[in-house]
Each structure stands twice: as structure tokens, then as C-alpha cells.
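> These protein sequences, in sequence, are chains A and B.
Going by my numbering, the first sequence opens with residue 1284, and the numbers climb by one from there.
Going by my numbering, the second sequence opens with residue 1284, and the numbers climb by one from there.
Glycine residues also receive a C-beta, built at the ideal position from the N, C-alpha and C atoms.
It should be emphasised that the depicted structure is a prediction, and the values quoted were computed from it without experimental measurement.
Number of protein chains: 2
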Amino acid sequence: MATTIKDIAKRAGVSHSTVSRALRGNPLISDETSERIRLVAREMSYHPSAAARSLKTNQTQALGVVVSNIDDPFFSEILQGIEDVAQGEGYSLFISSSQSDTNRERMIVQAMREHRVDGVIICSSSFSTSQSRQLLEHGVPIVVVNNQAAEDYRYSIYHDDVDGSRQITRYLIELGHQRIAYLGNSLSGRTTLDRLSGLQQEMEAAGLPIPAEYIHQVPGGEPEHGLAGLDHFLDLADRPTALVCFNDMMAIGVLKGLQLAGIQVPAECSVTGFDNIVFSVFTNPPLTTFDQPKHYIGAEAARLVLDLLRPDPEKGAPALKSQTLKGRLLVRKSTAPPPVLY
Amino acid sequence: MATTIKDIAKRAGVSHSTVSRALRGNPLISDETSERIRLVAREMSYHPSAAARSLKTNQTQALGVVVSNIDDPFFSEILQGIEDVAQGEGYSLFISSSQSDTNRERMIVQAMREHRVDGVIICSSSFSTSQSRQLLEHGVPIVVVNNQAAEDYRYSIYHDDVDGSRQITRYLIELGHQRIAYLGNSLSGRTTLDRLSGLQQEMEAAGLPIPAEYIHQVPGGEPEHGLAGLDHFLDLADRPTALVCFNDMMAIGVLKGLQLAGIQVPAECSVTGFDNIVFSVFTNPPLTTFDQPKHYIGAEAARLVLDLLRPDPEKGAPALKSQTLKGRLLVRKSTAPPPVLY
DNA sequence: GTCAAAAATGCACACGTGTGCAAGCGGAGT
DNA sequence: ACTCCGCTTGCACACGTGTGCATTTTTGAC
């Protein structure tokens, strides 16, 4: 059995209330007593019971984090950002992966409610509205990150995908490309729509038409989905000269597919990714992509939840806070001017 | 304020003890009363307070997981395995990354002791012995995964790296290679020693000598370390014809470096990785590697901790359990017979 | 030395849940 | 009618911590 304040009290010859106050730094207790108690506590290797404390204080010093897949390199970098901030502020993390499975989402929300987490960060691109509503109704603040339905939530961190996609597209246009295609991930909801929208806006601004068959979405964002989606474009009579991919993972699959098809990148076809995951610089050729500040996004999300937990006494909690972060274009070697037409 | 069993008791016209028993399925309570109480609980959206419960039962239904870096694709796959099992058994996970920083390790252990996690899984290749001892002394079972000092712990899951490395080496020897070099990660402790040892054993069995300069270790296991470590071998007068890398990430860096140096893989030099991370199949050329069953390793680790928590009434907790799992060789395209010498 | 004010400490209850024990109730057997 | 038994339920305390309030001790001024 772990040592309790009562054990310390007995050893120090005081009441348990005095111990409690001394350890919490309550000024009512004299400095000498406090010091003595602290010493005893250290000797006995005392660690306060978070359970007992939270029972009284209604605070657990724990945050819940829902992520679709822990092993997705994009989300795991965000996770790291969340963790750095949370740990710095003395908060622990309950992390669960939903696998985009409604049943698992239910279990996760139940576990988080039972553990009375102080706040929740949802990093899944989609999440059952009924589940999140249940949390909100019971006073658990929620911050969503890059969620497809960010409008449904009062607090969100969002990367400006439209801007990113516009920058990529503009760059391709400046290189001379006119036949630019988009390969999306239909499962990602708003994210793929934003990235497509950015491309469309910039193309329209340049007066370039986009044939319907130049927009293709496949259900998934892994390399294998990129590989599969590529076939659609290879079958076209008029192939695009540049392929804007939903994310780096799909682009990696596309690079592989183009290589198998014997098509030179970037000489014959330019390819772009999105996210700048760790491996994108090690592809062959290195991938031109858009760098989302993933670590920073996670950190901001954590800071936002924590702010909601200690509302500024003057202002009170903000009624609505949606932060949109911008990234930057990373030009590497998978893009070049289009092949000269004879 | 969340609803409590007292609220339910009031609404159902019984005492809170009856509610407690009914919800826990205690057979003392009549079926009709139980059913009625369950109904009321559902109506009021009751979720038991894990804090209050654990105060009485000394169980938190939570496991602590320490990982060196959450965003390491190797560990995050193991994490996913842990999570799948834990969630299935109704356990939540406290996940923290240590960054191999002693100070962070201290904070993590403190947080886990305060939250009274039922057990801990350490996935970090190194971890402060004094910190883990502190947990053990207070009755928290620990399972280590691929830890460099597995002998110091009673319960561990370990992948048979020696065997894996032997398989890789044997395969290279069978291809005809005689000049085989090893690029290690000096920070990974036992892991790199095992992999080196496997190579040495197989080389010796084949009667092939290993020049001292064919063994090179660099401090880190990321692509950039592979890239940096490659220089050592490129400077050699007698270059190796095959390069066995500590892991896939370093191999990815090596592939990049060889390409920059204008050396054909596998025609001029074979390269192997280790782990089979997601991206290894998408490198150029696809990487020959050794597949660790990462998800399974995580799952087994979780099962082992859970077993320790519910010791078999007959046998009691096993005094020692160390499980060594085997993987399999994945031959892809980064390996070929050595170039013919004229 | 007295007394009041200030400082330090202890008492007792609360948080939400689980459980040993006693108590209530109804029915069956004598 | 009385007793005994089994089935249900309530009472009361415990888990470890925090805190309002009463209580004790110390301090300072006269």
C-alpha cells in the first residue's frame, strides 16, 4: 500500500490536515513545520493519490486525446506536440485510437467520462457528433484538430489547407504546367475538399480549365491508395503533366507507381505531396510538398484546451476560438517544368 | 456535476448501496430492482467515477506506457498493438514519451505513481534503472519491450534480433557476398549489439573475416544518421559489397546517400534494413529487410502485463517471463549478387 | 502577569464508491 | 403462534485528500 498523508502525519506528530496544507504550500502552516513535513514526505517517498485528490477537487490533471491511428506518422507528430505542452504543464494524457470505428469511439468516450478527463483533443479527421456532444454536455471542453466538421465545434485548430494547395498550384503554374490533376482521399472529408478547392481557385485565377477526369478521389490516404489512384490518370488519353496528391503518403505511392510505369519524375511528370512527413525528403526524387507545422499544431491545440481549463478571470472563456495556422511550400526535386511538346 | 449513484438512488427510491450492487451485477439484489436501477442509470447517463472506484478497489484500469518518441514509426506500431489489446480488456492508456531525457523520465514516473497505474510497459530502448526500480518497489508490474537491459527485468518481450541478423547475413552470403559491413546505432544499446552479433556469427560460420573498419556505429537511428554513417564506408579503399544497416530508417538514409554518390543499388552495392516499417516497401529500390511483428509484440506486451494483474489463482504470478518473438526475412529489391570482379 | 490579537494546528465533514454486517420481510415448517 | 431460514435491502464505515471552522499556542503590548 502506498504511503498516505496519514502515515506522514503519524510520523511527523501532526494531524493529516496539517500535512495536506504543508504539502500544498498553504501559508497557514509555519515554515519550520512545513519543511519538516516535506522532509518526512520525501523520506517516505510519498506520492499523492490523484484519485483521492480529484475526488475533492474535480480535476484530474489529465487530458483525453483521440486520434484515428496512432501509427499514422502525420498524427503522431501532432501527438508529440500535444505531449510536450501537456507534460510541461503537469498534465498526463489518455491516448486512444478510434480507427474511425463508431464502436471504438463509444468505448473511448465512455472511458474518458469515467476517468473524468479535464479536456479532450480530437485529432481524428472524423468523429461521431453524438459522442462529442455527450462530452460537451457534461462540461468537458473539446478542441478539434484538422477535423472535417470544424464548424460544429467552438474550439479548433486548423491548418490553412486552401492556402497551402494554392501555393503548390501557383508554383506548378509558374513552372509552366497547364494540365494539373488532383488525386484526393475521399475519406478525409473537409481536408480533401479544401485542398481541391485551393487548386481550383488558383487554376481559375490563371484561366486554366480542369477537365473532370483530372479530379479523382480514392477512399484512403496510404501509399497503396496513391498507387491505386494513379492508374486512373495513366489510363487517360491526355495525361496530366503534374499530379497534386492529397498527402505525402499517397505521393509516395504515386512515385512508386510512376517508376514502375517507366515514367520519369520530374522530367515527364511532376508530383507534389502535402504534410511534409519525415520520409518525404528521402523519397526518390525528394518530394516537393507543403509543410504543415505539425508539432506546433499539436502544441497549440494543447495550449488551447489548457486555456479553457483556467479561464482568464477577467475575460472568461472565449465563446469561440478557431485558429488557422499557415505552413510553407517546400520545393524539392519531384517538380520541374513540363516536358516540351513537339 | 456528473450524476452519482446517490442521485440514482434518490430517483429509484433505494439506498446508494443497492445502486452500487445492482450496477456491479451483485446477485444479492433482486432482478427486478437491478433492472429498474439500470434503467434509471441509463436515463441519467450515469458514468461511474473511476477516481472514487479506484480509491476503494486500488485498481485504476489504466496502464502506463513509456515510449522514447511517439513519432517514431517503429514504436508507434507497437503502441497500436498495445492499445488494441488494452482497449479490448477495458484498460485505458497513459502514454508518455521520454525523449531519452532523464528529467522527463522522472516526471513520467512521478505522474504514473500519482495516477496509480496498474502496470507499466516500457518501450524505450533505454530507461533509468532507478526510476523503474521505484515503480517495482511499490508493486507496479513492469514489462519491457526490446529494452537494452532486458536482463534487469523479470518480464520482457524481446524480438530475436540475433536470429534476424543471422538470416539477413546468411542470405547475403548465399548471394555470394564476402565483403559485408555493418552500420549500427550506438545509442540503441543491446539492440545494435545483437544485430552485430548475428552478423558476426554467420560470417564466422562461413569462414569470412570482417575487417575492423567494416563495423561502424553512429549515435542515432534516423535517416540522417544513415546518411552520415555511409561516408565512413565510401572513404574506404576496399569498399564492402553489402551494407547491413541497423534499421530501415538508417537504410533509407543510406539509399539516398548511395544515390547521391552515383552508386547503383543493388547492382554495385546491396543494402538491408531491419524492422520493416511501412515505408520500407516504397523506397527506391524497395528495401530488403527483416520484418519484426511490431503489432504482435505490442499486443503480447499488453497481454503479459494484464496477466500479471490477474494472476492465475493456481499458479500465482510467474516469477519470470521473457518472451522472445521471431520475425521473418523480406527479400525485396535492394539486394543482389555482388558485382563481378575483373 | 494579564489580555487580546495573531498565528498555527486539529477536528470533522465532504467527495463517490464498495462492502461487512445488521435489519427487515415473507414463507415454510413445527 | 413461534421459530428458523433465505432473500433483499439499508446502515455505517472506509478509501485518501482538501477545507471551513473551532481550538490551541504564540506573540506582543500594557
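1) Taking B:T1400 as the reference, give the member of B:A1495, B:P1424 and B:N1386 with the closest Cα.
2) Tell me the start and end of each unbroken alpha helix (DSSP H) in the region 1439 to 1526 of chain A that is at least 4 residues and wholly inside, in chain order.
3) Pull the bridge partners of B:V1426 from the DSSP assignment, please.
4) So that I know if they touch, is there some Cβ in chain B lying closer than 7 Å to that of A:R1615?
5) In chain order, what residues of the same chain have a beta carbon less than 8 Å from the beta carbon of B:E1620, not counting five sequence neighbours either side?
6) Between B:M1395 and B:H1421, what straight-line distance do the alpha-carbon atoms span, to the nearest angstrom?
7) Give me the chain B residues within the contact set of A:N1530, using Cβ-Cβ distance strictly less than 7 Å, ordered along the chain.
8) Could you check which residue in B:R1321, B:A1488 and B:N1352 has the C-alpha nearest to that of B:I1456?
9) Please list the partners that B:M1390 has in chain A, where partner means a Cβ-to-Cβ separation under 8 Å.
10) Note down, in chain order, every chain A residue with its Cβ under 9 Å from the Cβ of B:Q1393.
11) Taking the straight line between their C-alpha atoms, what separation do you get for B:L1510 and A:F1565?
12) Per DSSP, A:L1346 is paired with what?
13) The alpha helix (DSSP H) that contains B:Q1417, what's its start and end?
14) For A:K1293, which of A:P1502, A:R1319, A:D1558 and A:S1553 has the nearest alpha-carbon?
15) With A:M1390 and B:Q1370 assumed to form a contact (beta carbons below 8 Å), what rounded beta-carbon distance in angstroms separates them?
16) Once DSSP output is grouped into helix, strand and coil, what is the label at B:L1311?
17) Tell me where the beta strand (DSSP E) around B:K1604 begins and ends.
18) Hey, A:I1353 and A:A1584: beta-carbon distance below 7 Å or not?
19) Can you name the start and end residues of the beta strand (DSSP E) that A:T1572 belongs to?
20) Suppose contacts are defined by Cβ-Cβ distances below 7 Å. Is B:P1506 in contact with B:M1532 by that definition?
21) Does chain B have any CB closer than 7 Å to the CB of A:E1366?
22) Touching or not, the region 1609 to 1617 of chain A and the region 1308 to 1315 of chain B, by the rule of three or more beta carbon pairs under 8 Å?
23) How close, in whole Å, do the beta carbons of A:S1411 and A:E1397 come, if the pair is a contact with beta carbons under 8 Å?
24) Residue range of the alpha helix (DSSP H) that A:V1611 falls in?
25) I'd like to know if A:A1334 contacts chain B, where contact means its C-beta is closer than 7 Å to some C-beta of that chain.
26) Write down the C-beta distance between B:S1351 and B:S1408 rounded to the nearest angstrom, noting that I regard them as a contact closer than 8 Å.
27) Report back the beta-carbon spacing between A:N1429 and A:H1442 to the nearest angstrom; my notes put them in contact at under 8 Å.
28) Per DSSP, what kind of secondary structure is B:D1355 in: helix, strand or coil?
29) Answer yes or no: does any C-beta atom of chain B fall closer than 7 Å to that of A:F1410?
30) Please list, in chain order, all residues of the same chain as B:T1286 whose beta carbon is under 6 Å from its beta carbon, the five residues on each side excluded.
31) By how many angstroms is the C-alpha of A:Q1417 removed from the C-alpha of A:D1435?
32) Under 7 Å between beta-carbons, which chain B residues line up against A:I1378? List them in chain order, please.
Judging by the given coordinates:
1) Note on identity: in this sequence residue 1400 of chain B is Val, with Thr being the wrong assignment. Selected option, being the one with the closest Cα: B:P1424.
2) 1444 to 1458, 1473 to 1488 and 1506 to 1517
3) B:I1404
4) no
5) Note that residue 1620 of chain B is Pro in the sequence shown, not Glu. L1458, G1459 and H1460, listed in sequence order.
6) 12 Å
7) Within 7 Å Cβ-Cβ: nothing; A:N1530 doesn't reach chain B, min ~13 Å.
8) B:A1488
9) Q1370
10) H1330
11) 10 Å
12) A:L1376 and A:G1402
13) T1412 to E1420
14) A:R1319
15) 6 Å
16) coil
17) K1604 to L1608
18) no
19) T1572 to D1574
20) yes
21) yes
22) no
23) Rounded, the Cβ-Cβ distance is 18 Å, inconsistent with contact.
24) The amino acid at residue 1611 of chain A is misidentified as Val; the sequence shows Arg. Here A:R1611 belongs to no alpha helix (DSSP H); instead the beta strand (DSSP E) covers R1611 to L1613.
25) yes
26) 6 Å
27) 6 Å
28) coil
29) no
30) M1327 and Y1329
31) 14 Å
32) L1376 and I1378
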